[in-house]
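Counting in the numbering used here, the final residue of the sequence shown is number 116, and the numbers go up one at a time with none missing.
I have placed the structure first, in the form of structure tokens, so that the comments after it can refer back to it.
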Amino acid sequence: MTDPDGDAQPSTIDVDRAVGIRLGWPDGLEIEIDLVSLRLSCPCAECRGLRQRGEDTWPRPGSPIPLSISDASLHGAWGLALTWNDGHSAGIFPFDQLRRRAEEPDTRT
Ligand SMILES: [Zn+2]
């Protein structure tokens with residue numbers, strides 16, 4: 008663990024639009040996160056606000072079911088930007104946060 012930055016970015020990123028994402032890091036850690044868990048932890052301001060009010064971030068009234076990812080792209084080197092099939096695209100999931108939640112599954116933001 009001499010290179011903290013080297014840990015931050017996964018070496019493999021697989022997005023299955025109907026299932027979830029799988030990330031692999033150079034040190035061998037692999038995590039899989041299903042779509043609903045991802046969406047429920049969307050880090051954008053809108054979803055954080057909903058969670059603070061005790062509301063679910065998904066499904067919202069009128070949400071297309073089942074949930075799926077319509078687009079995924081890298082946001083710089085530090086995160087994954089996801090567009091959902093209901094048009095929501097404000098959330099960027101930082102890799103270090105995804106990794107931390109795999110290592111400490113009880114920690115919720
Ligand atoms: Zn959101």
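Virtual Cβ for every residue (Gly too), placed ideally from N, Cα, C.
Please identify the residue among the options whose C-alpha is closest to the C-alpha of residue i.
i: Pro33; options: Glu62, Pro17, Arg46; result: Pro17
i: Ile20; options: Pro66, Thr64, Ala79; result: Ala79
i: Ser96; options: Ala109, Ser77, Glu62; result: Ser77
i: Thr90; options: Cys49, Phe102, Glu39, Arg106; result: Cys49
i: Asp118; options: Arg60, Leu42, Glu37; result: Outside the displayed span of the chain (8 to 116) sits residue 118, for which this structure offers no information.
i: Asn92; options: Gln104, Arg106, Trp65; result: Trp65
Using the Cβ count rule (16 or more neighbours within 10 Å means buried), how would you classify residue i?
i: Arg46; result: buried
i: Ser44; result: exposed
i: Gly98; result: buried
i: Arg67; result: exposed
i: Leu81; result: exposed
i: Gly86; result: buried
i: Ile28; result: buried
How many Å lie between residue i and residue j at the Cα?
i: Ala15; j: Leu30; result: 11 Å
i: Gly83; j: Leu57; result: 27 Å
i: Glu1; j: Gly35; result: With the chain running from 8 to 116 in the structure shown, residue 1 is simply not present.
i: Asp26; j: Phe102; result: Reading the sequence as shown, one finds Val at residue 26 and not Asp. Whole-angstrom Cα-Cα distance: 18 Å.
i: Ser70; j: Glu37; result: 30 Å
i: Ile54; j: Glu110; result: It is Cys, not Ile, that sits at residue 54 in the sequence shown. Going from the Cα of Cys54 to the Cα of Glu110 covers about 23 Å.
i: Ser75; j: Ala52; result: 21 Å
i: Phe100; j: Glu39; result: 14 Å
i: Gly94; j: Arg108; result: 25 Å
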